[in-house]
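**Q** Going by my numbering, the sequence shown opens with residue 904, and the numbers climb by one from there.
Below is the structure I would like to discuss, written out as structure tokens.
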Amino acid sequence: MDIVGGLAAVGQALDIARQLREFDKSFSDAEFKLKVAELYSALSDTKMALADAREAIQERDSEIRRLKVSRTPR
């Protein structure tokens with residue numbers, strides 16, 4: 904998952920959290936549990952996207968360091 908996907912997952916999680924905050928007694932227990940499950944799923948997607956982004960950043964930083972070392976005159 905890329906950064907854009909992670910941001911979309913964050914937005915989805917926030918929407919679900921907002922719905923849960925506005926929880927109405929007309930919701931059944933099953934509907935509430937479904938929303939909580941959706942929230943966990945969106946947060947899990949977000950966590951994976953952030954881990955992927957961190958890995959991509961580390962790879963780029965490593966490549967930048969390697970290129971700087973190779974440019975240094977000896």
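All C-beta atoms in this analysis are idealised placements derived from N, C-alpha and C, irrespective of residue type, glycine included.
Can I919 and A945 be called in contact, C-beta distance under 8 Å?
**A** Yes, the Cβ-Cβ distance between I919 and A945 is below 8 Å.
**Q** Below 7 Å CB to CB, which residues in the same chain sit around A916 once its five sequence neighbours on both sides are set aside?
**A** The residues are L942, A945, L946, T949.
**Q** Just how far apart, CA to CA, sit A911 and D955?
**A** The straight-line gap from Cα to Cα measures roughly 14 Å.
**Q** Straight-line CA distance for Q961 to T975?
**A** Spanning the two alpha carbons is a distance of roughly 21 Å.
**Q** Suppose you measure from the CA of K936 to the CA of R921; what does that come to, to the nearest Å?
**A** Cα to Cα, K936 sits roughly 15 Å from R921.
**Q** Suppose contacts are defined by Cβ-Cβ distances below 8 Å. Is A952 in contact with G909 by that definition?
**A** Yes, these two residues count as a Cβ contact at 8 Å.
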